[in-house]
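Undergrad:
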Amino acid sequence: MLCLTLTASTLAENKALVEKNRSWIGAAELRLDHLDEDELKVASAFPSTVDLPLILTYRRASDGGLCTKNEKDRLQTLYEAAKGGWAYVDIEEDVKKSDLKCKDPLFEGRVDLEESLRARNIRIIRSYHDFEGVPEDLFGRVNRLAGKGDIPKVAVTPQSLLDVIMLFQVEEQLAHIKEKIIIGMGQLGIPTRILYKRLGSMLSFVSDNQAAPGHLGPREMSEVYHADRIDRNTHIYGVIGNPVYHTSSPKIHNRGFEAIRYNAVYVPFLVDSVRSFFKLAELLKIRGFSVTIPHKQAVVPYLGKTSREVKQIGSCNTVVRIQGMWKGINTDYYGFLTPIQDRIASGSIKSALVVGSGGASRAIVYALINHGVKVTILNRTVERARKLGDETMSGYDSLENAHLYQGSVDLVVQTTSVGMGELEGTNPIPSFAFTGKEIAYELIYRPEETAFLQAAKRAGCEPVFGKEMLIEQGKLQFEAFCGYHFPHWIPLDL
Ligand code: NAP
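All you need for this note's numbering is the position in the sequence shown, starting with 1, plus 1121.
(1) Using a Cβ distance threshold of 8 Å, determine whether the segment 1413-1423 contacts the segment 1286-1302, with at least three qualifying pairs required.
(2) Going by C-alpha distance, which of Leu1177, Gly1456, Gly1185 is nearest Glu1201?
(3) Kindly indicate which three-state DSSP category Gly1479 falls into: helix, strand or coil?
(4) Just curious, the alpha helix (DSSP H) that His1112 is in, first and last residue?
(5) On the CB-based measure, 16 or more other CB atoms within 10 Å of its CB, does Glu1150 come out buried or exposed?
(6) In whole angstroms, what is the alpha-carbon distance linking Phe1326 and Arg1408?
(7) Got a sec: does the ligand NAP put a non-hydrogen atom nearer than 7 Å to the Cβ of Ile1565?
(8) Do Asp1284 and Val1263 have their CB atoms nearer than 8 Å?
(9) Leaving out five residues before and five after Gly1546 in sequence, what residues of the same chain have Cβ atoms less than 7 Å from its Cβ?
(10) So Gln1197 is in the beta strand (DSSP E); what residue range does that whole segment cover?
(11) Count the CB pairs spanning the segment 1522-1538 and the segment 1497-1508 that are closer than 8 Å, and state whether there are at least three.
(12) From Tyr1250 to Lys1222, what does the alpha carbon distance come to, in whole angstroms?
(13) At a cut-off of 7 Å, is Pro1371 close to the ligand NAP when judged by its beta-carbon and the heavy atoms of the ligand?
(14) Hey, out of Tyr1526, Asp1393, His1492, Ile1550, whose CA is closest to Gln1280's CA?
(15) Once DSSP output is grouped into helix, strand and coil, what is the label at Cys1437?
(16) Would you say Met1323 lies against chain C (beta-carbon separation less than 8 Å)?
(17) What residue from Leu1187, Leu1337, Ile1212, Asp1154 has the CA that sits closest to Cys1124's CA?
(18) Using DSSP's beta-bridge definition, name the partner residues of Trp1447.
(19) To the nearest whole angstrom, what separates the beta carbons of Leu1489 and Ala1473, a pair I think is in contact under 8 Å?
(20) What's the call for Gln1444, buried or exposed, on a 16-neighbour Cβ count within 10 Å?
(21) Can you list, in chain order, the residues of its chain with a C-beta nearer than 6 Å to that of Glu1589? Leave out the 5 residues immediately preceding and following it.
(22) What three-state label does DSSP hand Ile1311 in the structure shown?
(23) Measuring only the C-alpha atoms, how far is Ile1485 from Asp1453?
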């Protein structure tokens, strides 16, 4: 189940958060350390207002929480709040036995917090946090935490993909511990949150406000990834990159899988080492994955088979498992061609100016020359343009000389990253005056309309948006992954 972490400062706000997210969650965790002091006194009443299993947690600053009280006071407050109808109470693994002895006016002497919880059938979650890494004795630690019949919770911070692999091995090693919570925090840990069931974790935490590093929102976990529906038979696909979480491809593929009722999920993997990822892919029996910056060339040596265009371009954006072998194809090549192929076929595009000579440009230059279009490549680093030009028998020049080509080409393709992020609003070829007859093709898809496209539209040119290529190459990947056509009725508001 998905468990919503509640970090508002009042109980009323937390209740409202539960109601807002109710359709996506199966449990909630009230974090006492985020509540106002006055609210702490009445926190025990919270379970009577919410129709979900609830976890009660009072997190210390050293474990990523806000509580700065001494241990005795913290556990006394937890004891008072725990008097309500909670399903679980979280107690850190290193709490001293003596600090668990709490005062209660109804009893003489002191009452043991853990014993009082067990007497009321409230399960104890025994938690361990590591914000700096993953302990070498991870499996032994989970085993120890599970002693006394408590539910072990291990929230650790992978520093590399090898750490992520260790987390995915928990279920194989510790399948005998039926109830456990295993979490990889931070950016590298996001796949462990989405695929929590593959880790044997009984839940995955979510929040509206990134209450912990790497939290996804309940709606995204539920509607994009269907994390709760992932089971042993779910086929896993993904995208690898660094960075990777900005990519829209999970929306394309997961919506497609859902529409054709294919039991599959497409997960973003932040990848620091391609070699490690291939190990993880074997472990998770991943069936296929997209490849984005900076791994498009690095994956090629690991492929048992490559398509003709991958051999030519030397870069691969799609890998599929076929007959026990990894096969690489490049759907950027075909996805780029789709919006303009009729014009190439009819002869209205005979010449092109390609701005940029990075990875995407390579696929595009080859796609154009293979279809008989004469290409000139412009790039900031002229040496890179020269290399690609020599390889493909194309012309090359600097960005500053763009104006020399105005009026002489049918198509202008913008493949640099100039126009997005910090360079939003910048046109990489300001000296080039469009005549209005060129087709202006932009690869950037966010923002949808770049300064390059605006200049072209002002002159009356026909624009082709980056989103079109993104969707076309994504559809081709989808077919390569699962063998079905992408369902054309799906609205893709990326
Ligand atoms: P890449 O390999 O890193 O190449 C980046 C290109 O941008 C190089 O030509 C680089 O020139 C140029 N560049 C970067 N900063 C510049 C600056 N400040 N001034 C001038 N030129 C600059 O990246 P890529 O994989 O080719 O991707 C490029 C763009 O295409 C990205 O925006 C990506 O999102 C987009 N893309 C879109 C699709 C789609 O489906 N729509 C598919 C693939 C890629 P230097 O050689 O001088 O560094």
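Yeah, the Cβ is synthetic: ideal placement off N, Cα and C, and Gly gets one too.
TA: So, from the data block:
(1) no
(2) Leu1177
(3) coil
(4) Outside the shown range of the chain (1122 to 1615) lies residue 1112, about which nothing can therefore be said.
(5) buried
(6) 26 Å
(7) yes
(8) no
(9) Ala1572
(10) Gln1197 -> not in any beta strand (DSSP E); alpha helix (DSSP H) instead, spanning 1192-1202.
(11) yes
(12) The sequence shown places His at residue 1250, rather than the Tyr named in the question. When rounded, the distance between both Cα atoms is 23 Å.
(13) no
(14) Asp1393
(15) coil
(16) The structure shown contains no chain C; it is built from a single protein chain.
(17) Leu1337
(18) Arg1442
(19) 5 Å
(20) exposed
(21) Pro1460
(22) helix
(23) 8 Å
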